[in-house]
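I have placed the structure first, in the form of structure tokens, so that the comments after it can refer back to it.
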Amino acid sequence: MFVFKDMAKTLINGDETMTVSQARDLMREKDIRHLPITDAAGKLVGIVSDRDIRSALPSDMVDTDSSCREESVMILSRPIGSLMTKDPVCVYPFDTLQDVLLLMQRHRVGALPVVDEDGILRGIVAVGDMLSAFIEVMGIHQPGTLLCVLAPDRQGEMKKLIDTISDEGISTGSILVARGIQGGDGRKAFFPYLLTNNVARVKQKLIEQGFEMLEPVKWYLDQLPKKS
């Protein structure tokens with residue numbers, strides 16, 4: 001689960017000398033929303049998004065007089081370096097996908113440039129890349145069944161859960177864990193995604209092992225704040 005596997009490696013980038021208009025045209029042509037900006041040596045110096053460009057231009061819906069059109073022409077003729085985010089947050093090829101998600105959330109961005117130790121642009125990773133990566137990691141692109149299993153919040157419970165599933169000859173795509181569930185009864189919820197639709201027998205085995213089974217939707221509804 002490292003960035004280099006899922007980042008876009010075909011470099012589409014601009015340089016500081018190109019105009020805002022040229023950057024906008026390039027983004028439209030390549031159907032991208034974020035454009036890394038590099039210097040002559042290929043080092044990352046900034047990034048610009050389609051939103052940055054839209055925000056800088058007068059609104060077409062409100063401002064239609066000649067002065068606004070002149071302002072648009074003036075803005076579009078500026079160097080992109082005047083509009084880009086300089087020294088943007090970036091990641092490295094061997095950062096984990098978890099690191100990328102946290103950075104995206106913390107900085108509220110939809111894409112992060114990927115650079116090497118010398119600051120040379122090597123790729124870019126966007127929210128769509130992250131979704132694809134986690135779909136593959138979690139195995140949910142394959143047919144299967146999601147279970148909700150409640151167990152005491154103590155060591156060894158996940159192993160017992162996995163062993164019980166494995167003993168039935170069933171492969172697991174992924175297991176998610178929710179801690180601090182509503183009710184405060186010292187339990188946590190496991191969500192194994194089983195790569196089969198035949199789960200009646202394994203559910204019974206889990207109950208015999210002391211686990212409690214819930215429908216995933218019921219668990220979710222139980223976690224919603226209760227109206228006073």
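Residues in the sequence shown are numbered consecutively from 1, following my numbering.
Every residue gets a Cβ at the ideal spot worked out from N, C-alpha and C, and that includes glycine.
Need the endpoints of the beta strand (DSSP E) that residue i sits in, please.
i	result
M138	Unbroken run through M138 is the alpha helix (DSSP H), 127-138; no beta strand (DSSP E).
V114	111-115
T172	172-178
F190	187-194
Look at the alpha carbon of residue i and the alpha carbon of residue j, and state the distance between them as a whole number of angstroms.
i	j	result
M61	R28	Its pLDDT being 46, under 50, M61 is placed unreliably by the model, and nothing is read from it.
A56	M74	11 Å
N197	D31	39 Å
S171	E136	15 Å
T164	R106	38 Å
H141	S77	45 Å
S21	P143	46 Å
V100	K218	31 Å
G139	D6	16 Å
G14	V48	9 Å
A189	L150	5 Å
I53	I12	17 Å
I120	R154	46 Å
P79	T19	4 Å
C68	L83	18 Å
P152	D50	48 Å
D118	G42	10 Å
D185	P225	17 Å
Y92	A40	21 Å
D129	G156	34 Å
Assuming residue i is part of the alpha helix (DSSP H), what are its boundary residues?
i	result
Y220	216-223
K203	200-208
T164	157-167
F4	3-6
V100	97-107
S55	50-56
Helix, strand or coil for residue i per DSSP?
i	result
R78	coil
M27	helix
P36	strand
R154	coil
E287	Not covered by the structure: residue 287. The range shown for the chain is 1 to 228.
V149	strand
V20	helix
V91	strand
If residue i sits next to residue j, beta carbons under 8 Å apart, how far is it from one beta carbon to the other, in whole angstroms?
i	j	result
A8	G123	6 Å
L112	C90	6 Å
F94	F4	7 Å
P216	L146	5 Å
L37	E16	Looking at the sequence shown, residue 37 is not Leu but Ile. Correct: roughly 6 Å between the Cβ atoms.
L44	V115	5 Å
L103	A133	Not quite, the Cβ-Cβ distance comes to about 15 Å (not below 8 Å), so this is no contact.
L195	G169	Actually they are not in contact, since the Cβ atoms of L195 and G169 sit about 11 Å apart, beyond 8 Å.
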